[in-house]
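Novice: I'd like to ask some things about the structure below.
Numbering (the numbering used here), first residue to last: 214 to 549.
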């Protein structure tokens, strides 16, 4: 009930704010506020243009009006803070929600370490998945960022997700014991593994968060319809391109060998060459193998279809997009 009231009051105050201020910085105010698991997206001032103090009073009074006991300020503060940490700004136009501008996404963190069959404990607890949803209308597709803690205690980040405070904090929480080497959980390497926009559009935000991290990319980044500099696209110069030099480097190329390559092997795959705007353009993806956990890390080269609904996906939306035509009745939710 409290979560519903907080969301309702946000939408009400957002509508009032829209009437008073028909345009905002990114110019997408007329679109409906993106929704996410667990509720709606409040603004950075709690509920639309409402102050945090006023928001606490409004939600509390509405709860009493609906017959509920008045919630504590601490409970409401936790809900508002949770939603604030899921906000971000998409600064590059895309074809997925929110297209451009302010939005909200939930992030979940899961360990990918193998479980010991004898006692159930996780072995090699040094690799994790961060997951968010990519949305386009009712279509929801999970996106994954893989985080590896290297032997020196630093973190290796594969395909960063939307730059919410929640995402950043979950990544940084992977830092742990550094074996006395001083890594201390610092993000040391960010990897752009593919040409696909949804897997690299937030890299610039992440490099701003972790400015000392080195950036590694697969070949051909932002090479069509015209070439864009690394500094413009990512906010800093690329430390190395993950091409064929990994296994057959000469002395002059030795500087481009990633310092993590003894722990994480990689191979760059060519997805084919296409004529795009009159320019022959090859699409690449780099795959990785984390030797300690025996984990293959890929982006779009392999798709895994789970037998259960992913935790961030709405089952009703999955049923909706399974319809053959829009005039069909909603399918039944069955184990198949």
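Built from N, CA and C at the ideal position, the CB exists for glycine as well.
Expressed to the nearest angstrom, what Euclidean distance is found between the alpha-carbon atoms of residue 422 and residue 545?
Specialist: For the purposes of this step, residue 422 is identified with residue 209 of the chain shown, where counting begins at 1. For the purposes of this step, residue 545 is identified with residue 332 of the chain shown, where counting begins at 1. Going from the Cα of residue 422 to the Cα of residue 545 covers about 45 Å.
Novice: Going along the chain, which residues of its own chain have a beta-carbon closer than 7 Å to the beta-carbon of residue 534, five neighbours each way excluded?
Specialist: For this step, residue 534 is matched to residue 321 along the chain shown. Contacts found: 351 and 352.
Novice: What would DSSP say about residue 321, mapped onto helix, strand or coil?
Specialist: Working through the chain shown from its first residue, we reach residue 321 at position 108. Residue 321 falls in the strand class under three-state DSSP.
Novice: According to DSSP, residue 354 sits in a beta bridge with which residue or residues?
Specialist: Here residue 354 corresponds to residue number 141 of the chain shown, with the count starting at 1. Bridge partners of residue 354: 347.
Novice: Would you list the residues sitting across from residue 371 in a DSSP beta bridge?
Specialist: What you label residue 371 is simply residue 158 of the chain shown in a count that begins at 1. In the DSSP assignment, the residues bridged to residue 371 are 359 and 404.
Novice: If residue 343 and residue 383 are in contact, beta carbons under 8 Å, what's the gap, nearest whole angstrom?
Specialist: Sequence index remark: in the chain shown, residue 343 carries index 130 (1-based). Sequence index remark: in the chain shown, residue 383 carries index 170 (1-based). Between residue 383 and residue 343 the Cβ distance is about 6 Å, and since that is below 8 Å, they are a contact.
Novice: If contacts are defined as beta-carbon pairs under 8 Å, then residue 478 and residue 501 qualify, I think. What distance do you get, rounded to the angstrom?
Specialist: The residue labelled residue 478 in the question sits at position 265 within the chain shown. The residue labelled residue 501 in the question sits at position 288 within the chain shown. Going by Cβ atoms, the distance from residue 478 to residue 501 rounds to 7 Å, so yes, they are a contact pair.
Novice: Exposed or buried, what is residue 296 when buried is set at 16 or more other beta-carbons lying within 10 Å of its beta-carbon?
Specialist: Counting from 1 along the chain shown, the entry for residue 296 is found at position 83. Residue 296 is buried by the Cβ-count criterion.
Novice: Closer than 8 Å by C-beta to residue 414: which residues in its own chain qualify, once you throw out the five before and the five after it? Chain order, please.
Specialist: As a working note, residue 414 is residue 201 in the chain shown. Within the same chain, residue 414 has close Cβ partners 303, 305 and 307.
Novice: Under a Cβ-count criterion, where at least 16 other Cβ atoms within 10 Å of its own Cβ denotes burial, should residue 362 be classed as buried or exposed?
Specialist: Position 149 of the chain shown holds residue 362. Answer is buried; the Cβ neighbour count reaches 16.
Novice: Step through the CB atoms of chain D and report whether any lies within less than 8 Å of the CB of residue 523.
Specialist: The structure shown has no chain D; it contains just one protein chain.
Novice: Please state whether DSSP places residue 365 in a helix, a strand or coil.
Specialist: Within the chain shown, residue 365 is the residue found at index 152, counting from 1. Residue 365: coil per DSSP, three-state reduction.
Novice: Give every residue of the same chain whose Cβ lies closer than 6 Å to the Cβ of residue 357, excluding the five residues on either side of it in the sequence, and list them in chain order.
Specialist: For the purposes of this step, residue 357 is identified with residue 144 of the chain shown, where counting begins at 1. So the list reads 342 and 344, once near-sequence residues are dropped.
Novice: Compute the Euclidean distance between the alpha carbons of residue 473 and residue 508, then round it to the nearest angstrom.
Specialist: Residue numbering aside, residue 473 sits at position 260 when the chain shown is read from its first letter. Residue numbering aside, residue 508 sits at position 295 when the chain shown is read from its first letter. Between residue 473 and residue 508, the C-alpha separation is close to 15 Å.
Novice: For residue 405, which residues from the same chain have a beta carbon less than 8 Å from its beta carbon, with the 5 sequence-adjacent residues on both sides left out?
Specialist: For this step, residue 405 is matched to residue 192 along the chain shown. Correct list, in chain order: 372, 412, 413, 416, 428, 429, 430, 431, 434 and 447.
Novice: Note down, in chain order, each residue of its chain lying with its Cβ closer than 8 Å to the Cβ of residue 355, except the 5 sequence neighbours on either side.
Specialist: Residue 355 sits at position 142 when you count from the first residue of the chain shown. Answer for residue 355: 344, 345, 346, 347, 523, 525 and 526, listed in chain order.
Novice: What's the call for residue 311, buried or exposed, on a 16-neighbour Cβ count within 10 Å?
Specialist: The sequence position of residue 311 within the chain shown is 98, counting from 1. Under this definition residue 311 is a buried residue.
Novice: Below 7 Å CB to CB, which residues in the same chain sit around residue 410 once its five sequence neighbours on both sides are set aside?
Specialist: Here residue 410 corresponds to residue number 197 of the chain shown, with the count starting at 1. Within the same chain, residue 410 has close Cβ partners 307.
Novice: Run through the DSSP bridge pairs and tell me what residue 492 is partnered with.
Specialist: Looking up residue 492 in the chain shown gives position 279. For residue 492, which the question treats as bridged, DSSP gives the partners 489.
Novice: Need the endpoints of the alpha helix (DSSP H) that residue 385 sits in, please.
Specialist: Counting from one through the chain shown, the residue named residue 385 turns up at place 172. Boundaries of the alpha helix (DSSP H) harbouring residue 385: 378-385, taken from the DSSP string.
Novice: Which same chain residues, not among the five before or five after residue 162, have their C-beta less than 7 Å away from its C-beta?
Specialist: Residue 162 lies beyond the range of the chain shown here (214 to 549); nothing can be said about it.
Novice: Quick check: the Cα distance between residue 538 and residue 378, rounded to an integer number of angstroms?
Specialist: Against the chain shown, residue 538 aligns to sequence position 325. Against the chain shown, residue 378 aligns to sequence position 165. Each residue's alpha carbon lies about 39 Å from the other.
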